[in-house]
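> Take a look at the following structure, please.
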Amino acid sequence: MKLNRLLTFLIIIYSPIAIIGQVKKIGLPLIKNYSRIEYKGGTQNWTIDQDKTGNLYFANNEGILQFDGSIWNKYKAKNLDAIKCLKVDPSGKIYVGCYNEFGFFKSNSKGKLEYFSISKYLDKKKRNSMDFIWRIHLFNDEVVFQSFDAIYIYKNNKIKIINAPKKFQFSFQINGRLFIQDFNYGLLEYKDGIIKMLKGTGKLNNSEVWGMAEMSKNKFLIATLDKGLFLFENNQIKPWNTEANIFILKNGSLGCILYKKKYMIINSVLEGIIVSDLNGNIIQHINRNKGLQNNTVLTSFIDNENNLWLGLDNGIAYVNENSFLTYYGNSNNLGTVYSSVAHKGILYVATNQGVFTHPWSTDFKENSFKLIEGTTSQAWNVQILNDEILCSSNRGALLLQNGKMVRNLDPKGYFGIKTIPNHPNLYLGALYNGFSIFEKTKNGIVFRNTIQGVNKSSNTFEIDNDIIWLKKYEFIYQIKLSPNLRNVKSIHVFRRFSKTNPGIGSLQKINNKIYFQSNSIFYNFNSEKNIFIEDKSITDLFKSTPKAKEITEDKNGNLWYIFNKSVGVLIKKGPNKYIDIIAPLSNLSGNLVPDFSSINTIDSRNTFIGLIDGLAHYDSSIENSKVDKPKACIRSFSYPSDTIYFGNGINQNKEFKLPYASNQVKFTFSSPSYENLENLEFSYQLENFDKNWSNWSNNTIKEYTNLKEGNYKLNVKVRNNASVQSDVSSISFRIYPPWYRHSLAYLLYLLIVVAIVYYIRFRIKIKIRKNKYFEKLEQRRLYLEKETKIKQEQYELEKEIEKLENEKLQIKILSKDKELVNNTLQVVKKNKTLNGIIQKLKDIDTNSFDENTKAQFTKLNRSITKEVNTDKSWKGLEKHLKNVHFDFLKKLKEKHPTISPREMDLSTYLLMNMSTKEIAEFMNISTGGVELARYRLRKKLELNQKENLIGYLMSIK
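To convert, note that position 589 of the sequence shown is 693 in our numbering; the numbers rise steadily by one, no gaps.
Set out below in structure tokens:
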């Protein structure tokens, strides 16, 4: 009883592991080819290995190739091209072997791989006779390099040589043992520093052993080039008489490896690879017809994610062997798959070319899908309705039976056909431009009628009694039919399901109820209230899933949803219990047929999914399998003067210090998640520069320019198309400020500022003293100026007083002159009167006077004459006027030299403002004579008629 419980417990524990460890017999794994144009190397790839960071290395005809998931790098050993083998040790050294040379690559201080020769320790003669090194083994604490002529054991910088008994072929390290084949002595084993012959291996003489793998303890499979497969056990060699051996005898073998301890992967010369179980049954055959770019497989390698890499005679191939998805594509004659269904042992597949079939009860072989005659056209759907197979295609509604087309029910084009609730014998067909009714009669299914009154249709529709729900573009149409299903009663269009939730998402049937979805909120339609009501139970199922565009319920009640060109599934585990699965289906991203999701679940281990180019098979029993997080790697850090490479043993946790001139940096990053490279997305953030993480993108290069000085940290993360994110990978660096912003520079600036302040203060003090001195001088100057001004003003005042006094004196003089003139005129008048009296006295006859009277008369006459003759007032006046007006007369004479004395006298009289009459008296001429004199004077002075004579004379004064 206890034993049974223990066995039951072990079965429960290990059954998922058994499922995960299986190689699927249905379909082929995803294959990704890398051409020599992509990896920029030679054609042949001889050996593959992987380091602890996930980088892959390929021994190529043109050197060693390194692949990190994003970038291919190529390195050469001493400028030699062809490298035949390589081996990566735990420390990161990459041992390589080539022609007459072996050694290792090791990263330098900048992370770039550099080559170091080991064969240099050999003398020149031995070194030049080595030929190619074909195998390298890390055996115990030694490194063994094997050529056809010898093995070279490297340890502690010394090389020990063991020559081949005849000629070595290849060597194999298996579970701590090292085997070598000799062309004449069978298998040898290197142990304790010597080689020993293994008994019973002579059958391998004169053959080329290219592969050797342990099937179980001390039981080995041996693959030869042209003699087939052998088992080596208990010192005996015997042929492995299996299906796999028949294949290898026909196509040759170039090696084999054990896969998951349950399968053998065997390389062939002519037909790619086969995967067999340990009984020799071929499970998979992958060749050029099935996706490989070359049929000659030189080497095979299992990476750290249990996926397969193949080194080809021309190129490299990645085989996603560890996936739970397999595919049928071009090799199976399938194009774009729109629908599939299994019925009575036959798998039907609707494609853009027609309907194909395959027996469901047998293994899928090459070219095993066959086109049903009469279905060649665009086939949109193939369905089981009441145990009948109906195909909706461009040719019409086709009835299929036993893998053949029986009858075309209606030649018009159809998207799909559905059963009608409460009408068990009727079917609703979606035409290209409307709907029609089919009826099941005694004679089979027949076309009944086209529904009148509707000309819209699509592949997304549901029928609920007499109501058709149709989704077309961004609208939902409610089409009410008449009771006989022949006419349309009404059509109502919905653009949203609620005021708070705009838009139309999807239309689907879940648990036999029609649901409407928008933004992950699900509704039912209440016909009584004529409104959409949210169903929170279904909404809650999808609250943690991405927003779905299409939803399909399979026959097991699982809910498949399409989002962002990807697919996920809620696996039903019981009433209202579901498990969300996305990651195992992530490889399908971008390959689904838009708006025509095709999910065909046959049972829990067989689900077929339609793709743009073929059909995918998924086993849903693996939903509990572990999904590893992707890994983000920063591969290089570049700045103007250098580049640092990571992933080759360089520690990226240290802080890198850059001068300010190198403030332009570039990063490259990758993820060694080779399963789905096309759908990996990266996000990054430069701390101290970026506020937020960048948007997710496929870009693996980021450059920053003109960074300021400071400490920075670049964070990178990656996510796969299942939205599983990696841990953050980081690198820190510091950009020093330019010399003029360095701390020492700031100290210098401070000292300069202090010196400038001191100097300014010193200069200010000097300036203040100078200012005070100049202020005193200025005050003195101002005082003197003020004093001078006062003196000047005093002088001017004195001058003004003097002027006023002079003017006053002049006025007084003029007044006196006037007075003198008047007096003189009076004297002149008196003298004239006296002269008149004298004349009259002369006229008196004195003879009649007596002597006394005569004497008195004579005495009076003499007295009057004496008075007239003795009067000198006129000459005195003339002299006085000339003295008073001397300056005027001088200036007038200088300005007008031709002026006469008499004209000068006239000018003086005019200046004195004497009247014409007065002037006439003075000059003893008539008034007319004065006017004439004035006229002559104006002419002499050259005055025009408008000029004032007196004003002109005044201006001269």
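The beta carbon of each residue, even a glycine, is placed where N, CA and C say it ideally should be.
Just so it is clear, the structure is predicted and the values come from calculations on it, not from any experiment.
Are the region 677 to 688 and the region 395 to 409 touching by the rule of at least three beta carbon pairs closer than 8 angstroms?
Segments in contact, no.
> With DSSP as the reference, identify every bridge partner of Arg281, one or two as the case may be.
Along the sequence shown, one-based indexing puts residue 281 at 177. Ile278.
> Examine the Cβ distances between the region 305 to 317 and the region 278 to 289 and report whether three or more of them are shorter than 8 angstroms.
Cβ pair count under 8 angstroms is three or more, so yes.
> Cβ of Phe786 within 8 angstroms of Cβ of Val828?
Within the sequence shown, numbered from 1, the residue matching residue 786 stands at position 682. Within the sequence shown, numbered from 1, the residue matching residue 828 stands at position 724. Taking 8 angstroms as the Cβ cut-off, Phe786 and Val828 do not qualify as a contacting pair.
> On the criterion of 16 or more Cβ atoms from any shown chain inside 10 Å, does Pro842 qualify as buried, or is it exposed?
Here the question's residue 842 lines up with position 738 in the sequence shown. Flag for Pro842 reads exposed.
> With distances taken Cα to Cα, identify the nearest neighbour of Ala181 among Ile1023, Gly167, Lys188, Lys342.
Here residue 181 corresponds to residue number 77 of the sequence shown, with the count starting at 1. Nearest of Ile1023, Gly167, Lys188, Lys342 to Ala181, Cα basis: Gly167.
> CA-CA distance, Val247 and Lys259?
Counting from 1 along the sequence shown, the entry for residue 247 is found at position 143. Counting from 1 along the sequence shown, the entry for residue 259 is found at position 155. Those two C-alpha atoms are separated by around 7 angstroms.
> Which runs of the alpha helix (DSSP H) at least 4 residues long sit entirely within the region 789 to 824? Give them in chain order.
None, since the region 789 to 824 contains no complete alpha helix (DSSP H) of that length.
> Please tell me whether Trp176 and Lys144 are closer than 8 angstroms, where the distance is taken between their beta carbons.
Position 72 of the sequence shown, counting from 1, holds the residue named residue 176. Position 40 of the sequence shown, counting from 1, holds the residue named residue 144. Result yes, Cβ atoms of Trp176 and Lys144 sit closer than 8 angstroms.
> For the beta strand (DSSP E) that Asn291 lies in, which residues bound it at each end?
Working through the sequence shown from its first residue, we reach residue 291 at position 187. The sequence given here has Leu at residue 291, not Asn. Its beta strand (DSSP E) spans residues 290 to 295.
> For the alpha helix (DSSP H) containing Glu1007, name the first residue and the last one.
Residue 1007 sits at position 903 when you count from the first residue of the sequence shown. 1005 to 1015 is the span of the alpha helix (DSSP H), which, as asked, contains Glu1007.
> Of all the options Phe243, His527, Phe793, which has the alpha carbon lying nearest to the alpha carbon of Pro587?
To locate residue 587, count along the sequence shown from 1; it is residue 483. Of Phe243, His527, Phe793, the residue nearest in Cα terms is His527.
> Just the C-alpha distance for Ile635 and Ile614, rounded to the nearest angstrom, thanks.
As a working note, residue 635 is residue 531 in the sequence shown. As a working note, residue 614 is residue 510 in the sequence shown. About 19 angstroms.
> Going by DSSP in three states, Leu382 sits in which element: helix, strand or coil?
In the sequence shown, the residue the question calls residue 382 occupies position 278. Correct three-state label for Leu382: coil.
> Report the residue from Asn339, Phe351, Met319 whose alpha carbon sits nearest the alpha carbon of Gly332.
Counting from one through the sequence shown, the residue named residue 332 turns up at place 228. The option with the nearest alpha carbon to Gly332 is Phe351.
> Determine the burial state of Pro776: buried for a count of at least 16 other Cβ atoms within 10 Å of its Cβ, exposed for fewer.
Indexing the sequence shown from 1 puts residue 776 at position 672. Buried: at least 16 other Cβ atoms inside 10 Å.
> For Phe334 and Trp464, I'd like the C-alpha separation in whole angstroms.
Counting from 1 along the sequence shown, the entry for residue 334 is found at position 230. Counting from 1 along the sequence shown, the entry for residue 464 is found at position 360. Each residue's Cα considered, the two are about 34 angstroms apart.
> Measure the CB-CB distance between Val769 and Phe750 and report whether it falls below 8 angstroms.
Taking the first residue of the sequence shown as position 1, residue 769 is located at position 665. Taking the first residue of the sequence shown as position 1, residue 750 is located at position 646. No, Cβ-Cβ distance for Val769 and Phe750 is not below 8 angstroms.
> Kindly list the residues whose CB is nearer than 7 angstroms to the CB of Phe276, restricted to its own chain and excluding five residues on each side of it in sequence; keep chain order.
Your numbering for residue 276 matches position 172 in the sequence shown. Phe283, Met316, listed in sequence order.
> Could you say which of Arg1006, Ile1060, Arg499 lies nearest to Arg1040 if we only look at CA atoms?
What you label residue 1040 is simply residue 936 of the sequence shown in a count that begins at 1. It is Arg1006.
> Relative to the C-alpha of Asp568, which candidate in Phe579, Tyr577, Leu589, Glu578 has its C-alpha closest?
As a first step, residue 568 is located in the sequence shown; it is residue number 464 there, counting from the start. Closest option to Asp568, Cα to Cα, is Leu589.
> On the DSSP bridge list, what partners appear for His1000?
Numbered from 1 along the sequence shown, position 896 holds the residue referred to as residue 1000. BP columns for His1000 are empty, so no partner.
> Taking DSSP as the reference, what is the three-state secondary structure of Leu692?
As a working mapping, residue 692 is identified with position 588 in the sequence shown. Three-state DSSP puts Leu692 in a helix.
> Here's a check: name, in chain order, each residue in its chain whose Cβ is nearer than 7 angstroms to the Cβ of Ser801, leaving out the five neighbours to either side.
One-based indexing of the sequence shown puts residue 801 at position 697. Cβ neighbours of Ser801 beyond the five flanking positions: Glu785, Phe786.
> Determine the DSSP secondary structure at Asn164, reduced to helix, strand or coil.
As a first step, residue 164 must be located in the sequence shown, where it is residue number 60. Reduced to three states, the DSSP call for Asn164 is strand.
> Keeping to the same chain, check which residues put their C-beta closer than 6 angstroms to that of Glu337; ignore five residues upstream and five downstream.
Position 233 of the sequence shown, counted from the start, is the residue given in the question as residue 337. Closer than 6 angstroms at the Cβ level, and outside the excluded window around Glu337, lie Lys323.
> DSSP three-state label for Asn355, please.
Residue mapping note: residue 355 aligns to position 251 of the sequence shown, counting from 1. Here Asn355 sits in helix by DSSP.
> Output the distance between the C-alpha atoms of Ile298 and Asn244, rounded to the nearest integer angstrom.
As a working note, residue 298 is residue 194 in the sequence shown. As a working note, residue 244 is residue 140 in the sequence shown. When rounded, the distance between both Cα atoms is 14 angstroms.
> Can you say whether Ala421 is buried or exposed, counting buried as having 16 or more other CB atoms within 10 angstroms of its CB?
As a working mapping, residue 421 is identified with position 317 in the sequence shown. Result: buried.
> Please state whether the Cβ-Cβ distance between Asn663 and Val673 is less than 8 angstroms.
Translated into the one-based positions of the sequence shown, residue 663 becomes position 559. Translated into the one-based positions of the sequence shown, residue 673 becomes position 569. The sequence shown places Leu at residue 663, not Asn. It is a contact, given that the beta carbons lie within the stated cut-off.
> Just reading off the beta strand (DSSP E) that Thr643 is part of, what are its end residues?
In the sequence shown, residue 643 corresponds to position 539, counting from 1. Where Thr643 is concerned, there is no enclosing beta strand (DSSP E), although the alpha helix (DSSP H) it sits in stretches over 640 to 645.
> Starting from the C-beta of Asp330, find all residues in its chain whose C-beta is less than 7 angstroms away, skip the five residues before and the five after it, and write them out in chain order.
As a working note, residue 330 is residue 226 in the sequence shown. The answer, listed in chain order, is Gly356.
> Per DSSP, what are the beta-bridge partners of Gly718 in this structure?
Start at 1 with the first residue of the sequence shown, and residue 718 comes out as number 614. Beta-bridge pairing links Gly718 to Thr440, Leu715.
> Per DSSP, what kind of secondary structure is Asn728 in: helix, strand or coil?
Position 624 of the sequence shown holds residue 728. Because Asn728 carries a pLDDT of 46, less than 50, the predicted location of this residue cannot be relied on, and the following value inherits that uncertainty. In this structure, Asn728 counts as coil in the three-state DSSP scheme.
> Would you kindly check if the distance between the Cβ of Ile1060 and the Cβ of Lys958 is under 8 angstroms?
The residue given as residue 958 occupies position 854 in the sequence shown. The residue given as residue 1060 occupies position 956 in the sequence shown. No, the pair does not count as a contact, with Cβ atoms beyond the cut-off.
> In the structure shown, what three-state DSSP assignment does Phe519 receive?
In the sequence shown, counting from the first residue as 1, residue 519 sits at position 415. Strand.
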